[in-house]
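For the sequence shown, this note's numbering begins at 1 and goes up steadily by one.
No residue lacks a Cβ here, since even glycine has one placed at the ideal position from N, Cα and C.
The structure presented is a predicted model; accordingly, all values stated were derived computationally and were not measured.
Working notes, beginning with the structure itself.
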Amino acid sequence: KLLNFQPLFCNVTLIVTFCITSPDAAETRDVMMESSVSSTHGAEDSLVQCTESEDFAPSKLGTKEYWDEAYKRELQTYKDIGDVGEIWFGEESVDRVIRWIEAQHVSENAAILDIGTGNGMFLLELANHGFSNLTGIDYSKAAVELAINILEEEGFRNVKIQVEDFLNPSTELKGFDVCIDKGTFDAISLSPEDREEAKKHYVTSLRTVMQPGGFFIITSCNWTKEQLLQIFNPGFELVRELPTPRFQFGGVTGNTVTALVFKHTD
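Here you go:
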């Protein structure tokens, strides 16, 4: 959902720099992080200015106002020229998750939730693979309108798309067998206000909307495997780390993004 670029990222033990690129390719937000296991990603041809911090620097990319404006522009672009926009992390990030779901023989009628659906392209691919009980949520009304338009244009009128703030979900949002996040938790991590509380609310909401034994599949460019294991414990246990592109820097090899499958244990 979150950012339109092909990420270049590695997990290494040193001071590293990463930048996050918005849907307007000209806008960037950069962070420097020092930790025992850090993360690097970036976009080609981006102008970078970095500051040192023990945590992610607050960013407008973590605000609802930013994404409302971004998706208003994307919606207008779609209406004007039919451009659906970018796939966050690229098509391979969608394909690897769908391959794993299909390898587990998850029922085509399984209730699947796309958290922060954006333009709905992940849901479109799931629908193309035969999954029929799909729900997408986003706190941006413009994103929801864009996703509905794209899915209806492709003939998928039964996919449920609705405006929801996942940190304060409606009581009707529950019972999901699979929940997917591809960038939304990253955005929450950049919120200028109460980021720690927001992350806790996210985990609480996830436990509320999921069926016990359900799968949570997250793809992140901000967080390492070890960090995500800590954030989603207790309540979730690691099932598998999905293979992602690798990157070598300074003789150290790491993954370009982190993609993990958790099982809801509550």
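Collapsing the DSSP output to three states places ARG157 in coil. Taking a 10 Å sphere around the C-beta of ASN255, we find 16 or more other C-beta atoms and assign the residue as buried. Within 10 angstroms of the beta-carbon of ARG96 lie 16 or more other beta-carbons, which makes it buried. ASP138 and GLY116 have their C-alpha atoms roughly 5 Å apart. Burial check for ASP186: the Cβ neighbour count within 10 Å reaches 16 or more, so the residue is buried.
HIS201: member of the alpha helix (DSSP H) spanning 195 to 209, first to last residue. Excluding sequence positions up to five before and after TYR202, its CB lies within less than 8 Å of the CB of PHE166, LEU167, PHE185, ILE188, all in the same chain and listed in chain order. The bridge partners DSSP lists for VAL84 come to none. DSSP, reduced to helix, strand and coil, places PHE89 outside both helices and strands of the structure shown, so it counts as coil. According to DSSP, PHE176 shares a beta bridge with MET210. The Cβ atoms of VAL261 and TRP100 lie closer than 8 Å to each other. Closest by C-alpha distance to GLY118, out of ARG195, GLY130, GLU69, is GLU69. In this structure, DSSP gives PHE247 an extended state, which the three-state scheme calls strand. In the DSSP assignment, the residues bridged to LEU134 are ILE112. Looking at THR135, GLU196, HIS105, GLU145, the one whose alpha-carbon comes closest to that of GLU172 is THR135. The continuous stretches of beta strand (DSSP E) do not include ALA127, which lies in the alpha helix (DSSP H) extending over residues 121 to 128. Residues of the same chain with a CB within less than 8 Å of the CB of PHE176, apart from the 5 flanking positions on each side, are ALA111, ILE112, LEU113, THR135, VAL209, MET210, GLN211, GLY214 in chain order. When the beta-carbon positions are compared, TYR78 and ALA143 stay at least 8 Å from each other.
Look at VAL163 here: in three-state DSSP terms it is strand.
In the DSSP annotation of this structure, LYS60 is not part of any beta strand (DSSP E), being labelled neither H nor E. At the C-beta level, GLY85 and GLU92 stay beyond 8 Å of one another.
If you check the CB distance, LEU242 and ALA259 come in under 8 Å.
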